[in-house]
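Numbering (the numbering used here), first residue to last: 1 to 351.
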Amino acid sequence: MVLAVERFSRRRFGGFVTAFAVSLVASFSPLIAQAGSPDAGKLPTNIPAGTVLRIGDTETQRALELSGLIDQLPFEVEWANISGGPQTIEAFRANALDVGSVADIPPIHATWTGLKVKIIAAKFRKEPLAHPIYQLGIAPGVEVKTLADLRGKRIAFSPGQAQGALVLRVLQAASLEKEDVDLIELPSKGDAYPVALSGKQVDVAPISGVLIKRYLRQYGADGAATIPHGLRDDPAHLYAPQAVLEDPVKAAALGEYVRYWALAARWVEEHPKEWIEGYYVATQGLNTEDGQYLVDADGQFDIPSDWNDVIVRQQATIDLLAKELNKPAIKAEDLFDRRFEAIATNALNAS
């Protein structure tokens, strides 16, 4: 948005100068950030002593602890044991959290509910189709071998979460409409979807991580199964309220957090045994075998230095959700604070 100041002059020359100035400013308008926007200018770097960030990012917290990187953070942290869209959005609204770790849908959903947020870090998986986060869990006794077999099935659906968006993308890939299936609105929290599948409340539900292995182990003998969906489902973001990003001290601290977030991701990838024992076994109650399963499923991470393609993919997701959920259009570009764009890759390249 360009702010123009109108002047009145009786002289033609004055009118010409004003018109020329307005034209010149307009020609550079793509380079000018909206006044008051957190994207305006460069990211601040001054972090005064005593600065505190309230962070909901449990995996990175543990990686920082195990690696020792936590001792290098140039600010204090109040860690919140929350993650995912619903919890982080609630905490943002209560002014109880500065940054949270989510997939790609919560920033969209938050915006639709009137909460202004920005994505400040983006991570993906190399070979995402070979290392999907989700598989489609199939209830015992239900015949689903391909995506086309979803027609007429009861599918667990959580509109404000990544699982819900995945369901809509799967239907799109299968050339099915929402009316061709029975969407059962059910929030995905903990083992809610495997429980719903085993109890035959739904026929199909996207499940992830160790829940896939546990579901097949517990109910495979009864006919439970999973099938791949064949789509990319790997976004992992950090996002923050716009009000937090407008605070120069918080913004500077968040820039440093993105740095250490990237370094923590690399430490995890380079120290799989320590990660399995220190995180999955010690804090998640899993055994070593399950931890190894998750490490293998993750593959290698990918942090792009340029977000152009990320924004294109996010726009496609927004357009699909807006159409299917009857929501207003959003420009994906507006969801990203590009001051943070190169921080993570610069940190990886510099160390």
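Note that beta-carbon positions come from the ideal geometry of N, C-alpha and C, so glycine has one too.
Per-residue DSSP class, three states only, for residue i
| i | result |
| --- | --- |
| Ile207 | strand |
| His109 | helix |
| Gln61 | helix |
| Lys123 | strand |
| Gly230 | coil |
| Gly85 | helix |
| Val202 | coil |
| Leu53 | strand |
| Gly36 | Because Gly36 carries a pLDDT of 41, less than 50, the predicted location of this residue cannot be relied on, and the following value inherits that uncertainty. In the structure shown, Gly36 sits in coil (DSSP, three-state: anything other than H, G, I, E or B). |
| Asp378 | Nothing can be reported for residue 378: it is not among the residues displayed for the chain, which extend from 1 to 351. |
| Ser101 | strand |
| Ala80 | coil |
| Phe340 | helix |
| Ala196 | helix |
| Ala329 | coil |
| Ala347 | helix |
| Ala316 | helix |
| Ala322 | helix |
| Ala91 | helix |
| Ala357 | Since the first residue shown for the chain is 1 and the last is 351, residue 357 is missing from the structure and cannot be characterised. |
| Ala96 | coil |
| Lys42 | coil |
| Gly220 | helix |
| Leu294 | helix |
| Leu73 | coil |
| Ile212 | helix |
| Ile311 | helix |
| Asp334 | helix |
Buried or exposed by the 16-neighbour rule on C-beta atoms within 10 Å, applied to residue i
| i | result |
| --- | --- |
| Arg62 | buried |
| Ala252 | buried |
| Thr60 | buried |
| Gly291 | buried |
| Ala130 | exposed |
| Ala98 | Strictly speaking, residue 98 in this sequence is Asp, with Ala absent from that position. With 16 or more other Cβ atoms within 10 Å, it is buried. |
| Gly160 | buried |
| Gly84 | buried |
| Asp296 | exposed |
| Glu78 | exposed |
| Glu127 | exposed |
| Lys323 | exposed |
| Thr111 | buried |
| Ala350 | exposed |
| Gly56 | buried |
| Ser158 | buried |
| Glu341 | buried |
| Pro94 | This sequence places Ala at residue 94; Pro is not what is there. Exposed: under 16 other Cβ atoms inside 10 Å. |
| Val102 | buried |
| Ser175 | exposed |
| Ala49 | exposed |
| Ala80 | buried |
| Leu286 | buried |
Nearest-angstrom beta carbon gap, residue j and residue i [assumed within contact, 8 Å]
| i | j | result |
| --- | --- | --- |
| Tyr293 | Ser208 | Not a contact, Cβ separation roughly 12 Å. |
| Ala173 | Leu147 | 6 Å |
| Thr58 | Phe75 | Not a contact, Cβ separation roughly 18 Å. |
| Ile108 | Leu321 | 6 Å |
| Tyr193 | Ala156 | 5 Å |
| Val181 | Arg151 | 7 Å |
| Gln218 | Ser188 | Wrong, their Cβ atoms sit about 18 Å apart, outside the cutoff. |
| Asp298 | Arg125 | 7 Å |
| Tyr279 | Gly100 | 19 Å between Cβ atoms; not a contact. |
| Ile47 | Glu185 | Going by Cβ atoms, the distance from Ile47 to Glu185 rounds to 43 Å, so no, they are not a contact pair. |
| Ala316 | Ala121 | 20 Å between Cβ atoms; not a contact. |
| Phe336 | Pro241 | Not a contact, Cβ separation roughly 14 Å. |
| Pro304 | Asp104 | Actually they do not touch by this definition, with Cβ atoms about 14 Å apart. |
| Val144 | Lys153 | 7 Å |
| Phe301 | Lys123 | 6 Å |
| Lys42 | Arg339 | 7 Å |
| Leu53 | Leu254 | 7 Å |
| Leu66 | Glu289 | In fact, because the Cβ distance is near 20 Å, the residues do not count as touching under 8 Å. |
| Asp191 | Leu216 | In fact, because the Cβ distance is near 13 Å, the residues do not count as touching under 8 Å. |
Min CB distance residue i to chain B below 8 Å
| i | result |
| --- | --- |
| Glu269 | Annotation note: the requested chain B is absent from the structure, which comprises a single protein chain. |
field: Segment contact flag, the segment 225-237 with the segment 256-263, C-beta cutoff 8 Å, min 3 pairs
entry: no
message: For the structure I just gave you, are there three or more beta carbon pairs, one from the segment 113-121 and one from the segment 266-277, closer than 8 Å?
response: no
field: Segments assigned beta strand (DSSP E), at least 3 residues, entirely inside the segment 259-287
entry: none
message: With a threshold of 8 Å, are at least 3 pairs of Cβ atoms found where one atom belongs to the segment 135-144 and the other to the segment 197-208?
response: yes
task: List in chain order: all unbroken alpha helix (DSSP H) runs of 4+ residues lying wholly within the segment 117-188.
output: 162-173
- prompt: Mind pulling the alpha helix (DSSP H) runs of 4 or more residues that sit fully within the segment 231-256?
  reply: 242-245
query: Taking contact to mean at least 3 C-beta pairs separated by less than 8 Å, is the segment 236-255 in contact with the segment 316-333?
result: no
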